[in-house]
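A.B. asks: Quick one: structure below, then a few questions.
Chains as they are written, first to last, in my numbering: chain A, 1 to 203; chain B, 1001 to 1585.
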């Protein structure tokens, strides 16, 4: 009753065909569409990308980092993708890569050069690793607290805010570890810069 | 580093605590008993049997079981290939993506049908939502269920008192899908959405950024795929950068939950095994052997990554941790995961055959990077893929019993069944097939001039690591990558205009994945069939025990020995050369 080519044609093949069609419908359409339906009703904000607004307009997602230039903003980490939200890839620099050494060396020099005028005690030894290394996602929304504290001197001076005020904004936009223990704390750069623009607009 | 070790400790405790309840539940599902979901799922299950024209409870011998499995997988291979080839006419394609080249499709199809999820493509630049949902995510469910069905069949063979039947493939498949994978995925997906993982079918969104620039945010039904991608140890990212992308994995908490999803079934299966063979100690013995190797790997990656890399140090960067900074090798790691959660994930995704990553493997330090290599070198028996890890480990258990039997001069027997020449031949084939496939394919790919185009890092240890890891990963159905290695050139992403595949790399990888998935499955089912027919003899004074620390030690030793002897020279040339020399290339 088990064996033979005839059994395969009579039993296995039809059953497998039905299984392929049915499972594609159930797991490939019904399941994701049902989850989409529920998500859109119960968690519409999250399901559509956790947007953040400035001046009533969506300026991005709080989960996806953006590139910031100039002295008036907190800067995000270096990125292999230029903070692309639709073409992502890893930098893939190896641990023993001379190119990586050169890139980090340049980033380090640029970081110190940018921030030193506002924080005269800043030395290379104090620069945290996240400030000069590319992230995995290419859109890391956060920087470390140490990184934010160094940049605070510059941003405060340029925007004519007190250091205390800027550090207050940093604390307000620092995400702690989940449940107090999981992951690492980080400062959300986009939300912090939005808060800065609201507190002390450039123009 | 205290906070880091604390997170790792919490994870380990939660995992151990979940092993028993999930194992008990799965054992009842596999034994066709009632569970608390039966009132809801039972009617659907009966409907499925009617539709499939399957008589539940009608046993198949190992050949029948294998034949159903092969026919089913083959048809699904064809279905997935067709879906990937016809992207241009599909619904749920707001970006208007056309199909990727045929050779890349061949690789991708083989990859998802075999639970590998090796990806030469980037999801957000290549795939329609339809292909992601109805093609790839379906395989995340189905290939996982196939792996679990095989281990259930093997367990039945081990405990069968006589006869040839090892269960019914269609029933095992249906019950695994409906009672285990689907319910956990639904809960997992909704939880992930609540934390920020996106779930929609919309067009990619253009936003004008705070400083007047533009950013396009890729969208998609991500959460539904993310949950089963981890739970089924599949690992294929919706996005190219996988679980490091915040829309897949936004917080420390989602990271924790996703890691648990990866390990919960492989760990639970050890308990289910103990339950089904009637001795929990047997299950815990196997759990212990896996656990020791897993924890050792976690510790090595974490310490190595926290130390930092030669390139960082040569650049004059200080990599020690201080207040407000993680320190360590943050190249290819996101701030919210830091060093500890990235290291833990790296170990988890490589002991299991998941292969999803939250950090860039190619940027790991030399010694940290040696851990993924070693974990894959163990042929994914340390927890391993869902089902696949357990059945591969059981082959090692039989091998350990045989070697232990030789050492003490007794006829080897396991759980009352004598292990004869036929079983040991099949076990050896099953154990050696994957490592041999790796060495052969990685050797060919390293030597063939045509495969050079696939390498990103050039002629140095990192470049060699790319090639070796590509075939280690594909043969072990893992899917993580030293991601510089490629088989797909896409000049104008997103979209496939002008894109072409590197045929040699795509085809070799595809064939390796299929061979190293289904050949061992057939050997395992043959072992199940051979054991099913054996009588159980009561344990005597001379019977070697398989549920005590001595046996765990023996088992760990044999896993290390086979893995180390096979791959040690090759791993030396790749990551270890980077780690020990400190030289820059």
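In this text, a Cβ means the ideal position worked out from N, Cα and C, and glycines have one as well.
Restricting to Cα atoms, I'd like to know which of 1337/B, 1575/B, 1026/B and 1147/B is closest to residue 1310/B.
C.D. replies: By one-based count along the second chain, residue 1310/B stands at place 310. Here the closest residue by C-alpha is 1575/B.
A.B. asks: Counting pairs of Cβ atoms below 8 Å between the stretch 1449 to 1469 of chain B and the stretch 1559 to 1566 of chain B, do you hit three or more?
C.D. replies: No: the two stretches stay apart, fewer than three of their Cβ pairs being nearer than 8 Å.
A.B. asks: Quick one: Cα of residue 1427/B to Cα of residue 1569/B, how far?
C.D. replies: Counting from one through the second chain, the residue named residue 1427/B turns up at place 427. Counting from one through the second chain, the residue named residue 1569/B turns up at place 569. Between residue 1427/B and residue 1569/B, the C-alpha separation is close to 25 Å.
A.B. asks: Could you spell out where the alpha helix (DSSP H) holding residue 182/A opens and where it closes?
C.D. replies: Sequence index remark: in the first chain, residue 182/A carries index 182 (1-based). Here residue 182/A belongs to no alpha helix (DSSP H), and DSSP marks it neither H nor E.
A.B. asks: Of the residues that make up the stretch 1189 to 1217 of chain B, which ones have a beta carbon closer than 8 Å to any beta carbon in chain A?
C.D. replies: So the close ones are 1189, 1190, 1193, 1194, 1195, 1196, 1197, 1198, 1199, 1200, 1201, 1202, 1204, 1205, 1207, 1208, 1209, 1210, 1211, 1213, 1215, 1216 and 1217.
A.B. asks: Quick one, are the C-beta atoms of residue 942/B and residue 1277/B less than 9 Å apart?
C.D. replies: The requested residue 942/B is not part of the displayed model; chain B covers only 1001 to 1585.
A.B. asks: State the Cα-Cα distance for the pair residue 1017/B and residue 1432/B, rounded to the nearest angstrom.
C.D. replies: As a position in the second chain, residue 1017/B is number 17, starting the count at 1. As a position in the second chain, residue 1432/B is number 432, starting the count at 1. Near 34 Å, if we compare the C-alpha coordinates of residue 1432/B and residue 1017/B.
A.B. asks: So is residue 1206/B buried or exposed if we call it buried at 16+ other beta carbons inside 10 Å?
C.D. replies: Mapped onto the second chain, residue 1206/B falls at position 206. Answer is exposed; the Cβ neighbour count stays below 16.
A.B. asks: Under the DSSP definition of a beta bridge, which residues are partnered with residue 1413/B?
C.D. replies: Sequence index remark: in the second chain, residue 1413/B carries index 413 (1-based). For residue 1413/B, which the question treats as bridged, DSSP gives the partners 1418/B.
A.B. asks: With a cut-off of 9 Å, does the C-beta of residue 199/A fall near any C-beta of chain B?
C.D. replies: Mapped onto the first chain, residue 199/A falls at position 199. No, residue 199/A lies away from the interface with chain B (no Cβ there is under 9 Å from its Cβ).
A.B. asks: Within 10 angstroms of the Cβ of residue 1241/B, are there 16 or more other Cβ atoms? Answer buried if so, exposed if not.
C.D. replies: In the second chain, counting from the first residue as 1, residue 1241/B sits at position 241. Residue 1241/B comes out buried.
A.B. asks: Consider the C-beta atom of residue 1050/B and the heavy atoms of the ligand COA; say whether any pair is separated by less than 8 Å.
C.D. replies: Ligands in the displayed structure: none, and consequently the ligand COA is not present.
A.B. asks: At a CB-CB cut-off below 7 Å, which residues of chain A make contact with residue 1251/B?
C.D. replies: Mapped onto the second chain, residue 1251/B falls at position 251. Those within 7 Å of residue 1251/B in chain A are 178 and 183.
A.B. asks: Residues of chain A with CB under 8 Å from residue 1327/B, in chain order?
C.D. replies: Locating residue 1327/B in the second chain gives position 327, where the first residue counts as 1. 128 and 129, listed in chain order.
A.B. asks: Name the chain B residues that come within less than 7 Å of residue 68/A, Cβ to Cβ?
C.D. replies: Here residue 68/A refers to the residue found at position 68 when the first chain is read from its first residue. In chain order: 1211.
A.B. asks: So residue 1378/B and residue 1436/B are in contact, right, with Cβ under 8 Å, and what is the actual spacing, rounded?
C.D. replies: Translated into positions along the second chain, residue 1378/B becomes position 378. Translated into positions along the second chain, residue 1436/B becomes position 436. The Cβ separation is near 15 Å, so there is no contact.
A.B. asks: Look at the alpha carbon of residue 1297/B and the alpha carbon of residue 5/A, and state the distance between them as a whole number of angstroms.
C.D. replies: Sequence index remark: in the second chain, residue 1297/B carries index 297 (1-based). Sequence index remark: in the first chain, residue 5/A carries index 5 (1-based). Rounded to whole angstroms, residue 1297/B to residue 5/A spans 47 Å at the Cα level.
A.B. asks: Span of the alpha helix (DSSP H) holding residue 1399/B?
C.D. replies: Numbered from its first residue, the second chain carries residue 1399/B at position 399. Note, residue 1399/B: alpha helix (DSSP H), 1388 to 1408.
A.B. asks: Report yes if the C-beta distance between residue 1474/B and residue 1441/B is below 9 Å; otherwise report no.
C.D. replies: Sequence index remark: in the second chain, residue 1474/B carries index 474 (1-based). Sequence index remark: in the second chain, residue 1441/B carries index 441 (1-based). Yes, the pair counts as a contact, with Cβ atoms nearer than the cut-off.
A.B. asks: So which residues of chain D does residue 43/A contact, with C-beta pairs closer than 7 Å?
C.D. replies: Among the chains of the structure shown, chain D does not appear; the protein chains present are A and B.
A.B. asks: Cβ of residue 193/A less than 9 Å from any chain B Cβ?
C.D. replies: In the first chain, the residue the question calls residue 193/A occupies position 193. Chain B contact via Cβ: present.
A.B. asks: For the stretch 133 to 153 of chain A, enumerate the residues whose C-beta is nearer than 9 Å to any C-beta of chain B, in chain order.
C.D. replies: Within the stretch 133 to 153 of chain A, the residues whose Cβ lies closer than 9 Å to some Cβ of chain B are 133, 134, 135, 136, 137, 138, 139, 140, 141, 142, 143, 144, 145, 146, 147, 148 and 149, listed in chain order.
A.B. asks: Between the stretch 1138 to 1158 of chain B and the stretch 1515 to 1532 of chain B, do three or more beta carbon pairs fall short of 8 Å?
C.D. replies: Taking 8 Å as the limit for Cβ pairs, the verdict is that the stretch 1515 to 1532 of chain B does touch the stretch 1138 to 1158 of chain B.
A.B. asks: Can you find the residues in the same chain that come closer than 6 Å, C-beta to C-beta, to residue 1334/B, ignoring five residues on each side of it along the sequence?
C.D. replies: Along the second chain, one-based indexing puts residue 1334/B at 334. So the qualifying residues of the chain are 1244.
A.B. asks: Is it true that the stretch 1035 to 1043 of chain B meets the stretch 1273 to 1288 of chain B, where meeting means three or more beta-carbon pairs spaced less than 8 Å apart?
C.D. replies: At 8 Å Cβ cutoff, the stretches do not touch.
A.B. asks: How would you label residue 184/A, buried or exposed, when you count the other beta carbons within 10 angstroms and need 16 or more for buried?
C.D. replies: Position 184 of the first chain holds residue 184/A. Buried.
A.B. asks: Taking CB distances under 9 Å as the criterion, tell me whether residue 1221/B reaches chain A.
C.D. replies: Your numbering for residue 1221/B matches position 221 in the second chain. Taking Cβ atoms only, chain A reaches closer than 9 Å to residue 1221/B, which makes this a yes.
A.B. asks: Which residues, taken in chain order from the stretch 1068 to 1086 of chain B, show a beta carbon closer than 7 Å to some beta carbon of chain A?
C.D. replies: Cβ contacts with chain A: 1068, 1071, 1072, 1075, 1076 and 1079.
A.B. asks: Flag residue 90/A as yes if its beta-carbon sits less than 9 Å from any beta-carbon of chain B, otherwise no.
C.D. replies: For the purposes of this step, residue 90/A is taken as residue 90 along the first chain, with counting starting at 1. Answer yes: the Cβ-Cβ gap between residue 90/A and chain B drops below 9 Å somewhere.
A.B. asks: Straight-line CA distance for residue 101/A to residue 112/A?
C.D. replies: Position 101 of the first chain, counting from 1, holds the residue named residue 101/A. Position 112 of the first chain, counting from 1, holds the residue named residue 112/A. Rounded to the nearest angstrom, the two C-alpha atoms are 17 Å apart.
A.B. asks: Between the stretch 1251 to 1277 of chain B and chain A, which residues of the former have CB atoms less than 9 Å from a CB of the latter, in chain order?
C.D. replies: Cβ contacts with chain A come from 1251, 1252, 1253, 1254, 1255 and 1256.
A.B. asks: When DSSP labels each residue in this structure, what does residue 1036/B get in the three-state scheme?
C.D. replies: Stepping through the second chain from its first residue, residue 1036/B is reached at position 36. It is coil, neither helix nor strand.
A.B. asks: Please report the residue range of the alpha helix (DSSP H) in which residue 1307/B lies.
C.D. replies: Locating residue 1307/B in the second chain gives position 307, counting from the first residue. Its alpha helix (DSSP H) spans residues 1280 to 1307.
A.B. asks: Any beta carbon from chain B within less than 9 Å of residue 48/A's own beta carbon?
C.D. replies: On the first chain, position 48 is the one that residue 48/A refers to. Yes, residue 48/A lies at the interface with chain B (some Cβ there is under 9 Å from its Cβ).
A.B. asks: Which residues, in chain order, does the stretch 76 to 100 of chain A contribute to contact with chain B at a C-beta distance below 8 Å?
C.D. replies: Answer in chain order: 77, 83, 84, 85, 86, 87, 88, 89, 90, 91, 92, 93, 94, 95, 96, 97, 98 and 100.
A.B. asks: If you scan the stretch 19 to 87 of chain A from start to end, which runs of the beta strand (DSSP E) of 3 or more residues do you find wholly inside it?
C.D. replies: If we require 3 residues or more, the beta strand (DSSP E) runs fully inside the stretch 19 to 87 of chain A come out as 51 to 54 and 57 to 61.
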